[in-house]
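Letter 200 of the sequence shown, counting from 1, is numbered 291 in the numbering used here, and no numbers are missing.
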Amino acid sequence: MCAKILAIANQKGGVGKTTTSVNLGCALSRLDKKVLLLDLDPHACATLHARIYPEEVQYSLHDLFLAPEENWSTLWPLLLRTQALHGMDVAPGCIRLSELEVDFKDRSGKGSVLSRSLRAVSSDYDFIILDCPPHVGILLVNALVAADLLIIPIQTDFLALHGLKLLFDTLHTLNKALGRPILYRALPTMYDRRAKACTRVLELMQRKMEHAMFNTIIGIDTNFREASAQGCSIYDINQNSRGARCYEALAQEVLCLW
92 MCAKILAIAN QKGGVGKTTT SVNLGCALSR LDKKVLLLDL DPHACATLHA RIYPEEVQYS
152 LHDLFLAPEE NWSTLWPLLL RTQALHGMDV APGCIRLSEL EVDFKDRSGK GSVLSRSLRA
212 VSSDYDFIIL DCPPHVGILL VNALVAADLL IIPIQTDFLA LHGLKLLFDT LHTLNKALGR
272 PILYRALPTM YDRRAKACTR VLELMQRKME HAMFNTIIGI DTNFREASAQ GCSIYDINQN
332 SRGARCYEAL AQEVLCLW
């Protein structure tokens with residue numbers, strides 16, 4: 092059985108992509124699912140979250156993208172960090188991923204490199220989570236082509252809604268090229284129920300997106316910041332916290348999709 096691939100993406104930064112990638116992955120791992128997290132963001136925030144530092148990275152996803160197809164199966168074991176983050180394997184990113192637009196200039200089939208390379212490890216996992224960069228480019232295209240489900244974290248803030256149009260334009264283009272719709276679900280994040288503005292944005296999202304939105308709402312929790320500072324998941328800080336329970340609920344919703 093092949094892993095289900097979840098791309099966590101939004102073309103606006105600071106909406107909780109890495110927080111969702113890390114904590115959803117850990118929540119699934121706690122449900123006895125085998126999970127692999129790929130850090131496709133050149134800023135490598137998920138890599139740092141797993142306490143994997145640039146000077147320690149001999150092989151990263153940048154090497155995988157540049158490698159000939161016949162080398163993929165031997166390269167995967169070299170770059171994977173097993174059990175790096177609360178029972179979850181991690182494939183580290185690096186700043187050189189930002190050079191991929193130039194590196195891929197003359198490469199054929201460049202939008203499906205990730206999808207094809209994942210076949211070498213897909214049977215080893217139940218879920219593969221892709222922490223995507225906050226801009227349109229070859230990395231995001233590769234992630235969306237590979238994905239079984241696109242999860243769009245949306246901060247419950249009016250300014251955050253404006254970034255969605257760019258992402259949906261990209262989806263529309265890819266849907267035509269792939270000949271199949273990319274399944275997606277929106278995830279409200281950073282919700283503060285005390286703030287009327289957050290409540291209005293949430294109500295607007297629920298009206299506009301209806302069934303294309305998770306029921307789970309990720310609220311503000313200082314434990315997320317503490318987990319990031321300590322290089323761990325929220326479950327290592329407080330497994331009974333509000334934030335931890337939110338990602339447990341999200342994991343259950345994800346499981347119900349298949």
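Ideal Cβ positions, reconstructed from N, Cα and C, are used throughout, including at glycine. Note that the structure is a prediction, hence the values are computed from the model and not measured.
{"Query": "Counted within 10 angstroms of its Cβ, other Cβ atoms place P272 as buried (16 or more) or exposed", "Result": "exposed"}
{"Query": "Beta-carbon proximity of K108 to C185, cut-off 8 angstroms", "Result": "no"}
{"Query": "Residue of S199, S189, A238, E190 minimising C-alpha distance to R210", "Result": "A238"}
{"Query": "Nearest-angstrom Cβ-Cβ length linking M296 and I245, presumed shorter than 8 angstroms", "Result": "7 angstroms"}
{"Query": "Contact under 8 angstroms by Cβ, A175 with A141", "Result": "yes"}
{"Query": "Own chain partners of E339 with C-beta closer than 6 angstroms, once the 5 adjacent residues on each side are dropped", "Result": "A118"}
{"Query": "R121: first and last residue of the uninterrupted alpha helix (DSSP H) it sits in", "Result": "108–121"}
{"Query": "Straight-line gap, G178 to V126 (C-alpha atoms, nearest Å)", "Result": "8 angstroms"}
{"Query": "Rounded C-alpha distance that separates L262 from R336", "Result": "31 angstroms"}
{"Query": "Beta-bridge partners of V126, as assigned by DSSP", "Result": "F218"}
{"Query": "Boundaries (first-last residue) of the alpha helix (DSSP H) holding I242", "Result": "I242 -> not in any alpha helix (DSSP H); beta strand (DSSP E) instead, spanning 240–246."}
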